[in-house]
């Protein structure tokens, strides 16, 4: 009988790694406050492609603003692609097994922030374990 395994949460690894590489960007699991560049991250657990891995979708919403407060789509796009490249370079850093950009950056508008944002999704495959 196969024990039920749960994918390891990559949140700490992602937050610490991205924050260290991009110190001028505010990362958070809720939209960070402030006027500088920021990135909202959301991890959605998904299916189990193998008995020892779990797929997770990382949703990224990146905001960079002009001095007038409007969204700087081009700058948000550049930052999103830089984040994607970091994720792909670290695709096999524990607990990750793989990373693949699914979509984006897509131009979106955030009503709460009142500006354009860059939205993307990255498919992560993480190690699954019976440990808590």
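Residue numbers (this note's numbering): 103 to 234.
For each residue, glycine too, the CB sits at the ideal point set by N, CA and C.
- Check whether the Cβ of residue 211 sits closer than 7 angstroms to any heavy atom of the ligand MG, and report yes or no. Among the components of this structure there are no ligands whatsoever, and the ligand MG is therefore not found.
- Query: According to the neighbour-count rule (16 or more other Cβ atoms, all chains shown, within 10 Å of its Cβ), is residue 220 buried or exposed?
  - Reply: Using a 10 angstroms sphere on the CB of residue 220, the tally of other CB atoms reaches 16 or more, which defines it as buried.
- Item | For residue 180, three-class secondary structure by DSSP | Note: residue 180 maps to helix in three-state DSSP.
- Please state whether DSSP places residue 123 in a helix, a strand or coil. In the structure shown, residue 123 sits in a helix (DSSP, three-state: H, G or I).
- Mark residue 205 as exposed unless 16 or more other C-beta atoms lie within 10 angstroms of its C-beta, in which case mark it buried. Classification of residue 205: exposed, given that the 10 Å Cβ count is below 16.
- CA-to-CA distance, residue 150 to residue 122, given in whole angstroms: Roughly 30 angstroms separates the two Cα atoms.
- Query: Roughly how many angstroms lie between the CA atoms of residue 116 and residue 173, to the nearest whole one?
  - Reply: Residue 116 and residue 173 have their C-alpha atoms roughly 25 angstroms apart.
- Item | Segment contact flag, the region 163-177 with the region 191-201, C-beta cutoff 8 angstroms, min 3 pairs | Look at the beta carbons and you see the region 163-177 not touching the region 191-201: under three pairs across the two are nearer than 8 angstroms.
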